[in-house]
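For reference, the structure discussed in these notes is given below.
2 protein chains.
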Amino acid sequence: MSEGSEIHPGFTRARVSLGRQVAEALRAAIMKGDYAPGSRLPSETDISETFQVSRVTVRTAIKMLESQGLVEVRHGSGTYVCDFGGRIRAGAQELRSISETIQEMGFVPRTELHARDVRPATEDEAERLGVEVGFTVVAMERAIYADNEVVAYSFDVIPAENLPARFVARFGTGSMFSVLDEIGYMPTRALAELHPVQSSEIGWGPQRPERGLFLLLDQVHFDRRGRAVVYSKTYFVEGRFQFVILRTR
Amino acid sequence: MSEGSEIHPGFTRARVSLGRQVAEALRAAIMKGDYAPGSRLPSETDISETFQVSRVTVRTAIKMLESQGLVEVRHGSGTYVCDFGGRIRAGAQELRSISETIQEMGFVPRTELHARDVRPATEDEAERLGVEVGFTVVAMERAIYADNEVVAYSFDVIPAENLPARFVARFGTGSMFSVLDEIGYMPTRALAELHPVQSSEIGWGPQRPERGLFLLLDQVHFDRRGRAVVYSKTYFVEGRFQFVILRTR
DNA sequence: GAGTGGTCTAGACCACGCA
DNA sequence: GCGTGGTCTAGACCACTCA
Chain L
62 MSEGSEIHPG FTRARVSLGR QVAEALRAAI MKGDYAPGSR LPSETDISET FQVSRVTVRT
122 AIKMLESQGL VEVRHGSGTY VCDFGGRIRA GAQELRSISE TIQEMGFVPR TELHARDVRP
182 ATEDEAERLG VEVGFTVVAM ERAIYADNEV VAYSFDVIPA ENLPARFVAR FGTGSMFSVL
242 DEIGYMPTRA LAELHPVQSS EIGWGPQRPE RGLFLLLDQV HFDRRGRAVV YSKTYFVEGR
302 FQFVILRTR
Chain F
62 MSEGSEIHPG FTRARVSLGR QVAEALRAAI MKGDYAPGSR LPSETDISET FQVSRVTVRT
122 AIKMLESQGL VEVRHGSGTY VCDFGGRIRA GAQELRSISE TIQEMGFVPR TELHARDVRP
182 ATEDEAERLG VEVGFTVVAM ERAIYADNEV VAYSFDVIPA ENLPARFVAR FGTGSMFSVL
242 DEIGYMPTRA LAELHPVQSS EIGWGPQRPE RGLFLLLDQV HFDRRGRAVV YSKTYFVEGR
302 FQFVILRTR
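As they're listed, the protein sequences go chains L and F. In this text, residue positions in the first sequence follow the numbering used here: the first is 62, and each later residue adds one. In this text, residue positions in the second sequence follow the numbering used here: the first is 62, and each later residue adds one.
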């Protein structure tokens, strides 16, 4: 552990909850090898003393790690580090950018803009985003790479009717989420549907799968005020990305 | 609301947490139409007074409903009932039997046993279950119906080497989970992977999809002691079941 | 029986939204 | 500015595991 700093109430520009800070510290310790797969973490009481936080806070941190499939909690026994292989593994209920996930698993992420358009919303898009048909949107088509291998093709639609042109222009350059953050539309929640898809019409370029089999993550992102800010269809190429879900009672 | 009974600490044979009880009561109220889609639930403080529980408990209840995509929480504003259509919608991170989910959505569930075998575990099964190759297992193939329409085909494997024959015999008759519960192997956690699958070899009977497209939920169930108790491959027929994931930061 | 995680409480204060 | 949800605490007691 040996962190100790960085963790403090006081809310000194604290946009990150204490629980998350503890979770990140524990995650780093695990990744660094302080706790080997199969070994036991310190007890919740110990951790709470180490970080000087309440046990409730420690528990929220551990729940986060658990939902990422990183640790396993056994009642009456302890919390144990999971063993996981080298594939890209993402906890499906963690909302984070795909690039971020790829990076954290030790691969080099890259996105490639294939098309970009400012146009009226289709009927489907309008319904999902809760706007009128014909509302102006920015539409993007991107390929997402991990170590130069296509992991997913993503189609994103962002309502832009009332957005200053200087912001509209920035979509397609750099991280979509950082632009959204700047204009105050940072997604905090997404409701996603999962569908299997087979199509030879999805994707492009030399790595386009022959008779492509994809896992479609069909999701609408909402900001903290409940406004729909992005409608995304991300087609994950089967076999290159491991989506994990921890299911509990 | 107007429940009031059933909710009490005291732990009179309470295997169900207070939070879950409150969640169930709220869920029932929503399903009954007490709160229409889009309308606001009472505030957390109000609910905690109504049910005579702490606000923390109310919050765990609301988190459950949120993860099922049933309500939407907006900071500073309130908790609102989501609008969802007539399709079967399951929160992917809730561990519950499929039949249970189907029933709760207002359909009539039915499972049909197609095959059943007691045999040695394959290499793959042994690895996933953490047992030796050749370990005796019960293997079942079942079709799961909602209102007489096939929703999924499920392949379940249960380690049975040391299980009394009288229990082994019961798998395939009635609910798999109730048998597991009786013998003390009730799953409390499952780690699932999601994959798209296309195959004409999955399924049987007149409703077998032509060129079947499925969402495969590939999962190992664990009991509270961390023992692997079931290895399931469930192939959901695309279009008949809506898997929802709430993703949060 | 000692030690671990699971549940619950009452109370405090912060951040946000909305009028 | 009031009411809403968000975070955090200290302490209590229960249920479970394991030696």
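We put the CB at the ideal spot given by N, CA and C, even for glycine.
Next item on the list: Determine the closest residue to N209 (chain L) out of L:T172, L:T309, L:A122, with distance taken between C-alpha atoms.
Entry: Per the Cα distances, L:T172.
Note to self: For H69 (chain F) and M92 (chain L), what's the separation of their Cα atoms in angstroms?
What the structure shows: Reliability fails at H69 (chain F), whose pLDDT of 38 lies under 50, so the model's placement of it is uncertain and no value is given.
Next item on the list: Look at the alpha carbon of A213 (chain F) and the alpha carbon of T106 (chain L), and state the distance between them as a whole number of angstroms.
Entry: About 44 Å.
Next item on the list: Specify the secondary structure class of S109 (chain F) as computed by DSSP and reduced to three states.
Entry: S109 (chain F) sits in a helix when the DSSP states are folded into three classes.
Check: Under 9 Å between the Cβ atoms of T249 (chain F) and F196 (chain F)?
Finding: no
Item checked: Buried versus exposed call for A226 (chain F) [16 or more other C-beta atoms within 10 Å across all chains shown] -> exposed
Check: Going by the CB atoms, is the gap between L131 (chain F) and V114 (chain F) shorter than 9 Å?
Finding: no
Item checked: Under 9 Å between C-beta atoms of T162 (chain L) and A176 (chain L) -> No; because the gap between Cβ atoms is not below 9 Å, this pair is not in contact.
Next item on the list: Starting from V134 (chain L), follow the beta strand (DSSP E) in both directions and report where the run begins and ends.
Entry: 132-135
Checklist line | Local conformation of L102 (chain F) per DSSP, three classes | finding: coil
Next item on the list: Spell out whether any CB of chain F is found under 9 Å from the CB atom of P70 (chain L).
Entry: Only weak support exists for where P70 (chain L) lies, its pLDDT of 36 falling under 50; the coordinates are left without a value.
Notebook entry, point to check: Looking only at C-alpha atoms, which of F:E222, F:L156, F:V211, F:A187 sits nearest to V179 (chain F)?
Noted result: F:E222
Margin query: At a CB distance below 9 Å, what residues from the segment 241-271 of chain L approach chain F? Give them in sequence order.
Written below: M247, P248, T249, R250, A251, L252, A253, E254, L255, H256, P257, V258, Q259
Margin query: Do V258 (chain F) and L7 (chain F) have their beta-carbon atoms positioned less than 9 Å apart in this structure?
Written below: Residue 7 (chain F) lies beyond the residue range present for chain F, which begins at 62 and ends at 310; the question has no answer from this structure.
Check: Contact check, R231 (chain F) vs V240 (chain F) under 8 Å by CB: the rounded distance?
Finding: 5 Å
Checklist line | Proximal residues of chain F, C-beta to C-beta of G130 (chain L) below 8 Å | finding: L252
Next item on the list: Please report the residue range of the beta strand (DSSP E) in which M201 (chain L) lies.
Entry: Unbroken beta strand (DSSP E) run through M201 (chain L): 197-207.
Check: So the alpha helix (DSSP H) Y250 (chain F) belongs to, where does it begin and stop?
Finding: Residue identity differs from the one stated: residue 250 (chain F) is Arg in this sequence, not Tyr. For R250 (chain F), no alpha helix (DSSP H) segment is defined; the enclosing uninterrupted segment is the beta strand (DSSP E) at 248-259.
Checklist line | Counted within 10 angstroms of its Cβ, other Cβ atoms place T140 (chain L) as buried (16 or more) or exposed | finding: buried
Note to self: Quick test of the definition: if touching needs 3 or more C-beta pairs under 8 Å, does the segment 75-88 of chain F touch the segment 292-303 of chain L?
What the structure shows: no
Next item on the list: Count the other CB atoms, across all protein chains shown, that sit within 10 Å of the CB of V281 (chain L); report buried if there are 16 or more and exposed otherwise.
Entry: buried
Next item on the list: Determine the closest residue to A84 (chain F) out of F:K124, F:R189, F:M247, F:I263, with distance taken between C-alpha atoms.
Entry: F:K124
Check: If you run the structure through DSSP and keep just helix, strand and coil, what is V211 (chain L)?
Finding: strand
Check: Going along the segment 109-136 of chain L in order, which residues come within less than 7 Å of chain F, judged by CB to CB distance?
Finding: G130, E133, R135, H136
Note to self: Between F:D279, F:W265, F:S261, which has its C-alpha nearest R272 (chain F)'s C-alpha?
What the structure shows: F:S261
Margin query: Quick check: what's the CA-CA separation for G137 (chain F) versus H256 (chain L)?
Written below: One C-alpha to the other measures close to 34 Å.
Notebook entry, point to check: DSSP three-state call for T309 (chain L): helix, strand or coil?
Noted result: When secondary structure is reduced to three states using DSSP, T309 (chain L) falls in the strand class.
Next item on the list: Would you mind telling me which residues of chain F sit closer than 7 Å to Q82 (chain L), beta carbon to beta carbon, in chain order?
Entry: Neighbours of Q82 (chain L) on chain F: none; closest Cβ ~14 Å, over 7 Å.
Next item on the list: Could you check how far apart the C-beta atoms of E254 (chain L) and F275 (chain L) are, in whole angstroms? I think they sit under 8 Å.
Entry: Not really, about 14 Å apart at Cβ, beyond 8 Å.
Margin query: I want to see whether chain L comes within less than 9 Å of I205 (chain F), judged by CB atoms only; does it?
Written below: no
Note to self: So F275 (chain L) contacts chain F; which residues on that side make the cut at Cβ distance below 9 Å?
What the structure shows: P257
Check: What does E243 (chain L) pair with, by DSSP beta-bridge criteria?
Finding: Answer is none; E243 (chain L) lacks a bridge partner.
Notebook entry, point to check: Taking 9 Å as the CB-CB cut-off, is A75 (chain L) touching chain F?
Noted result: Residue placement at A75 (chain L) cannot be trusted, given a pLDDT of 38 that sits under 50; what the coordinates show is reported in the next sentence. Not an interface residue.
Item checked: Per DSSP, cross-strand counterpart(s) of S293 (chain L) -> According to DSSP, S293 (chain L) bridges with L:D217, L:Q280.
Next item on the list: Within the same chain, show all residues whose beta-carbon is closer than 8 Å to that of V194 (chain F), passing over the 5 residues directly before and after it, in chain order.
Entry: P181, A182, T183, E184, A187
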